[in-house]
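S.K.: Numbering-wise (numbering that gives the first Met the number 0), the sequence shown opens with residue 0 and increments by one.
We put the CB at the ideal spot given by N, CA and C, even for glycine.
Just so you know, these numbers come straight off a predicted model, no measurement behind them.
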Amino acid sequence: MLFVERDEELHTLHRLLGDAAAGHGRAVLISGAITSGKTALLEALSHQALHSGALHLAATGSKAERALQLGVMDQLFHSGSLPPEMAARATELVTVEALPPGESGLESRTLRQPEAHRVHQICALLQELSEEQPIVLTVDDTHYMDGTSWQVLLYLQRRIRSARILLVLTTRQQQGHGHSPWHFEFTRYPHQRLRLAMLSERGVADLADRHLPAAEAGQLATTLYQLSGGNPMLVRALLEDSAAWLSAESGRGPTATEATAFGQAVVECMHRCEAPLRSVAHALAVLGDSASEDRLSRLSGLTPSAVSQALVALNAAGIVDQGFRHPASAAAILASLDACTRTSLHLRTAELLREDGALAWQVAVHLVEAQSVGGDWAMDTLLEAARQALSTDRQDLAMQCLALALKGCPDEESRTTVHQALNHTEWRMNPAASSRHLPPLYQAVREGRLKGKEAVSVVQHMLWTGGPQAQSAFQEVSAQLTSPSDAPALAQLQLTHQWLYGLRHPRAGSAGTDREVPPLHELRTAGGSLWSRAAAVLSASMRSEAERVVDESERLLRSCQVGDETLEVIASSVATLTMAGRLDRAAGWCDALIQETQRSNARTWEALFTALRADISLRQGDVSAAAARAGHALTLVPAEGWGVVVGLPLSVRLAAHAAMGDLAAGAETAQINVPPEMYDTVFGPRYLLARGQFGLTADRVLAAVSDLQQCGAMLRERNLDHPSLVPWRTELARANLVMGWEQTARQLLLDQEELPGGKSPRARGGALRVLASASPLKQRPALLRRAVDALQNSGDRLELAHALADLSQAHHTLGEFRRARIMARRATQEAKASGAEEYLRPAQSGSSDGEPTESAGGSSAAPALSDAERRVATLAALGHTNREIGRQLYITVSTVEQHLTRVYRKLNVSGRSDLPAGLSLQQLPGTAAQAR
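Okay, structure coming up:
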């Protein structure tokens, strides 16, 4: 066995063995904390004794044999090879039945005549044996040795000086007055005392060096020492666990679940402890951070003094230091208890903490561990604990408290209360699972046991989930909210319905939806509630008036934090910014909201904001990011948990796959089941639009037409037919072009332009691009240039890239190869900027005359230009003539020529064909109208 920091003790024992062999008997007492290495030293001495030719007789004290008189002596005489005659005499002397009745136990220190005679005979036998060869007597754990064996060894100790005997005993290091009278008697006479200390940090490092690579050992030595307190058994157990957790980068010890050997070592230490130490350790494991000496005393039933001594002993053993050194210790100790003991401890701890006025969640943790409601007070404690847990984003604890509370509900009223809390809590993590609470809650609403905001909350979740009763529940509760005090609750309910189902629902009836939302300025003047203001903003955006409420949307976002009551306010405000084309601002808000929900561990909220962020990415033309984010949203909350809102992530994901031409992924997305009620929501038309786009990509034109026509019908029915929201006519026109119906396609696009929102940059740009496809070749460049101008302000760089590619193709077909090359280069640049270069249809113009080489000045020279020069240069780079540039910027042709002359000189190019592609209108601070 390899020893660390035990050289001095080993040398002492070796020297004393030599003294004994020379006829100078010695007595040794080795003491140390639990598992400090006493037994290992005796094993090393045994090897030395056998090597030197001595006879080694060994025994170990046992708690189970403590009342068995001469039990240790019996072990000694049967542990070595004695001559047959000596063995027979020894057996006769240590036979328990030979002892006379009367006092012969641990507390009897005065020998009566028969006992004294037998003790004398046993010692005489040992001395006689030592005359033949040296004898080493070792007794481990003498704190468990029987009293008569103690008498024999004490008798021998007093007569050992001239004998060839080495007597070595080990005992546990005791605190205070914990030693037995026998130990005090032993220390009265000459002996050598060896006190084993725990390993130092250097010693732990040496031990680690023998088991681990040098770099890892050096990195982890301090951690190993802190976790083990230098206890050799615990250190070796930690090293044994190293295969599961150790790495050069981690620099940590094993977690509670990883430290298998360590936990077993701690349990072994506990088995070697006296009952008081075990009781204190059990109490400490249950109380955890709530532990104090007073609570440990009350829970263990020991006096404060006994608890203090036990803590000192546990500290000396390296197990505790202001609590357990390692969480694996508490976990292993609790796991080693039988279920009844563990339950009892947790229930008593819960009662104790409640008596001390601890927080509800601190009490409830133990009720949950015990899986018992306990006394009459437990129900209120569990409910309050759930509220406290949610306020600190510990949904799992809240769920555990509420699930236990539901088991102990004494009546229907309390069950309703718990169902309501469970629904709120579980919805944050798993909406599909939370829906099981809705039937009993809706029954409570119908029976009048839930009213006002409580009823609104139930209906909100029903609207999210869908189902045949959702709309009737909405009508019923809306009709009940008639008093002025109900106005905020009604506004909250209306906002949820409006966000999900739009301004008019085909089956919502007259309740709630016909109530006109007051204008926003009136709500602000009258101090309207958060929800009524949000409803006004959402109403404006759904009427294609999102741009005029952008500022109010951001005011709403700044005024509230994410929560159950504000979710629709925040989601609708982000959606308004998105519909207004403020994509960068909407993305910034979404990213911040996602981070906030990740910190609060609210998976449903995170999934919703991730889906909204995916929609923003789609509108920006970043289709790869859109598909990835939508997929992640569906990972956070599976499709069945989204209820009717599943149309949001699915529509984004399907449209992104269509744009990427990923038929396999798109088909997989299209096969995901959706609830029928989803088509009644605002996400239904969007889903049909995306499915129509995918149908066109997959050459299923008739199916695409059917989806797109149904999409349009839904939008008209709900008064949401605004191209800035869902440009279904553009896609339907594209489908008609595929089928050769150019006139129908043109009419759809002309109709779209006349609608509110038809002139928004994104809708107009997309429509002009399709209109160009339906127009004669000579008209296409002009239409496509208008499309490019519009799309540069839309934020959709992929659609802009497609328009530029179409423009390049048109110029190429017309034989205008220089312009074709310029447009192809611009298309590639925009596709690269959106991360979607691989999804851009290759322009055929780039290879006909060769790609022009970008000038040495490149785009990096653009900042040297004035705003006016940059505007003129950008239009020239796009292929516009000087006259066209003059008309667009409202300047003369001569002024255009002067600007271009200065541009060529500053950029060091010879003409407009060499202008860098990096000159983009997207870089300009204003629109074309500002050029004047």
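(1) Which residues mark the beginning and the end of the alpha helix (DSSP H) in which L40 is found?
(2) Mapping DSSP to helix, strand and coil, what is T696?
(3) Taking the runs of the alpha helix (DSSP H) that are 4 residues or longer, which of them lie wholly in the region 353 to 417?
(4) Can you tell me the Cα-Cα spacing of C268 and T259, whole angstroms?
(5) Starting from Q890, trace the beta strand (DSSP E) both ways and give me its first and last residue.
(6) Given a cut-off of 8 Å on the beta-carbon distance, is the pair S572 and L592 in contact?
(7) For L494, collect the residues of the same chain with a Cβ closer than 6 Å to its Cβ; drop the 5 residues on either side in sequence, then sort them by chain order.
(8) Please classify M461 as buried or exposed, where buried requires at least 16 neighbouring CB atoms within 10 angstroms.
(9) What separation, rounded to the nearest whole angstrom, lies between the Cα atoms of A613 and Q791?
(10) Short of 7 Å in beta carbon distance, which residues of its chain neighbour L754, apart from the five on each side in sequence? Order them along the chain.
(11) Does the region 58 to 75 touch the region 21 to 31, meaning 3 or more C-beta pairs lie closer than 8 Å?
(12) Check the DSSP bridge columns for T170 and list the partner residues they point to.
(13) Does DSSP put V681 in a helix, in a strand, or in coil?
(14) Return the CA-CA distance between L701 and T464, expressed in angstroms with no decimal places.
(15) With C-beta atoms as the reference, is A349 less than 8 Å away from L366?
(16) Alpha carbon to alpha carbon, how far is G322 from A384?
(17) Check for me: the beta strand (DSSP E) holding H933 runs from which residue to which?
(18) Closer than 8 Å is the cut-off here; do at least three beta carbon pairs connect the region 615 to 625 with the region 653 to 662?
(19) Is the beta carbon of E752 closer than 8 Å to that of A766?
(20) At 3 residues or longer, what runs of the beta strand (DSSP E) sit wholly inside the region 142 to 224?
(21) Between the region 66 to 76 and the region 119 to 138, do at least 3 Cβ pairs fall closer than 8 Å?
(22) Expressed to the nearest angstrom, what Euclidean distance is found between the alpha-carbon atoms of L688 and S807?
(23) Taking the alpha carbon of E546 as the reference point, which residue from A570, S538, G580 and I332 has its own alpha carbon closest?
(24) With 16 other CB atoms within 10 Å as the buried threshold, where does E829 fall?
(25) Does the region 158 to 166 come close enough to the region 80 to 97 to have 3 or more Cβ pairs within less than 8 Å?
(26) Should the region 431 to 449 be regarded as contacting the region 385 to 397, the criterion being three or more beta carbon pairs within less than 8 Å?
(27) In chain order, what residues of the same chain have a beta carbon less than 6 Å from the beta carbon of S759, not counting five sequence neighbours either side?
(28) Using only the alpha-carbon positions, how far apart do D706 and R715 sit?
(29) Excluding sequence positions up to five away, which residues of its chain have a Cβ less than 6 Å from the Cβ of G70?
(30) Out of T575, V536, E544 and T596, which one is the CA nearest neighbour of Q560?
(31) Within 10 Å of its beta-carbon, does G587 have 16 or more other beta-carbons around it, so buried, or fewer, so exposed?
(32) At the level of alpha carbons, what is the spacing between R820 and L877?
(33) Would you report the Cα separation of E7 and S199, rounded to the nearest angstrom?
(34) Which of the three DSSP states, helix, strand or coil, is assigned to L877?
(35) Am I right that R685 and V725 are in contact with their C-beta atoms under 8 Å? What's the rounded C-beta distance?
(36) Under DSSP, the beta strand (DSSP E) around D139 begins and ends at which residues?
M.R.: Result, derived from the coordinates:
(1) Sequence index remark: in the sequence shown, residue 40 carries index 41 (1-based). Looking at the DSSP string, the run of the alpha helix (DSSP H) that includes L40 is K37 to S51.
(2) On the sequence shown, position 697 is the one that residue 696 refers to. In this structure, T696 counts as helix in the three-state DSSP scheme.
(3) 359 to 369, 377 to 390 and 394 to 406
(4) Your numbering for residue 268 matches position 269 in the sequence shown. Your numbering for residue 259 matches position 260 in the sequence shown. Approximately 14 Å between the Cα atoms of the pair.
(5) Counting from one through the sequence shown, the residue named residue 890 turns up at place 891. Before going further, note that residue 890 is Ile rather than Gln in the sequence given. Taken as a continuous stretch (DSSP letters only), I890 belongs to no beta strand (DSSP E), as it is neither H nor E.
(6) Taking the first residue of the sequence shown as 1, we reach residue 572 at position 573. Taking the first residue of the sequence shown as 1, we reach residue 592 at position 593. The answer is no: Cβ separation not under 8 Å.
(7) In the sequence shown, counting from the first residue as 1, residue 494 sits at position 495. These residues qualify, in order along the chain: W530, A533, A534 and E567.
(8) Counted from its first residue, the sequence shown places residue 461 at position 462. The residue in question, M461, is buried, as its Cβ has 16 or more Cβ neighbours within 10 Å.
(9) If you number the sequence shown from 1, residue 613 lands on position 614. If you number the sequence shown from 1, residue 791 lands on position 792. Near 21 Å, if we compare the C-alpha coordinates of Q791 and A613.
(10) The residue you call residue 754 lines up with position 755 of the sequence shown. Apart from the 5 residues on each side of it in sequence, L754 sits with its Cβ closer than 7 Å to the Cβ of D720, H721 and P722 in its chain, given in chain order.
(11) No, the region 21 to 31 is not in contact with the region 58 to 75.
(12) As a working note, residue 170 is residue 171 in the sequence shown. T170 is bridged to S30.
(13) For the purposes of this step, residue 681 is taken as the residue at position 682 of the sequence shown. Correct three-state label for V681: coil.
(14) Taking the first residue of the sequence shown as 1, we reach residue 701 at position 702. Taking the first residue of the sequence shown as 1, we reach residue 464 at position 465. Roughly 32 Å separates the two Cα atoms.
(15) To locate residue 349, count along the sequence shown from 1; it is residue 350. To locate residue 366, count along the sequence shown from 1; it is residue 367. Yes, the pair counts as a contact, with Cβ atoms nearer than the cut-off.
(16) Numbered from its first residue, the sequence shown carries residue 322 at position 323. Numbered from its first residue, the sequence shown carries residue 384 at position 385. Between G322 and A384, the C-alpha separation is close to 25 Å.
(17) Only positions 0 to 931 of the chain appear in this structure, which leaves residue 933 out of reach.
(18) In short, these stretches touch, since the Cβ pair count reaches three.
(19) Working through the sequence shown from its first residue, we reach residue 766 at position 767. Working through the sequence shown from its first residue, we reach residue 752 at position 753. For A766 and E752, yes; Cβs fall inside 8 Å.
(20) Unbroken beta strand (DSSP E) stretches of 3 residues or longer found wholly inside the region 142 to 224: 164 to 171 and 191 to 195, given in chain order.
(21) yes
(22) Reading the sequence shown from its first residue, position 689 is the one you call residue 688. Reading the sequence shown from its first residue, position 808 is the one you call residue 807. Cα-Cα distance, rounded: 28 Å.
(23) As a position in the sequence shown, residue 546 is number 547, starting the count at 1. Checked all of A570, S538, G580 and I332; the closest Cα to E546 is G580.
(24) Translated into positions along the sequence shown, residue 829 becomes position 830. Here E829 is buried: its Cβ has 16 or more other Cβ atoms, across all protein chains shown, within 10 Å.
(25) no
(26) no
(27) Here residue 759 refers to the residue found at position 760 of the sequence shown. Around S759: S723.
(28) Numbered from its first residue, the sequence shown carries residue 706 at position 707. Numbered from its first residue, the sequence shown carries residue 715 at position 716. Each residue's Cα considered, the two are about 14 Å apart.
(29) Taking the sequence shown and counting its residues from 1, one reaches residue 70 at position 71. Cβ neighbours of G70 beyond the five flanking positions: E64 and D145.
(30) Translated into the one-based positions of the sequence shown, residue 560 becomes position 561. Nearest to Q560 by C-alpha distance, out of T575, V536, E544 and T596, is T596.
(31) The count along the sequence shown starts at 1 and reaches residue 587 at position 588. With fewer than 16 Cβ atoms within 10 Å of its Cβ, G587 is classed as exposed.
(32) By one-based count along the sequence shown, residue 820 stands at place 821. By one-based count along the sequence shown, residue 877 stands at place 878. Computed Cα separation, rounded: 10 Å.
(33) Here residue 7 is taken as the residue at index 8 of the sequence shown, counted from 1. Here residue 199 is taken as the residue at index 200 of the sequence shown, counted from 1. Straight-line Cα distance between these residues: approximately 15 Å.
(34) Locating residue 877 in the sequence shown gives position 878, counting from the first residue. If DSSP states are grouped into helix, strand and coil, L877 belongs with coil.
(35) In the sequence shown, counting from the first residue as 1, residue 685 sits at position 686. In the sequence shown, counting from the first residue as 1, residue 725 sits at position 726. Contact flag correct, Cβ pair sits at about 6 Å.
(36) By one-based count along the sequence shown, residue 139 stands at place 140. I134 to D139 is the extent of the beta strand (DSSP E) around D139.
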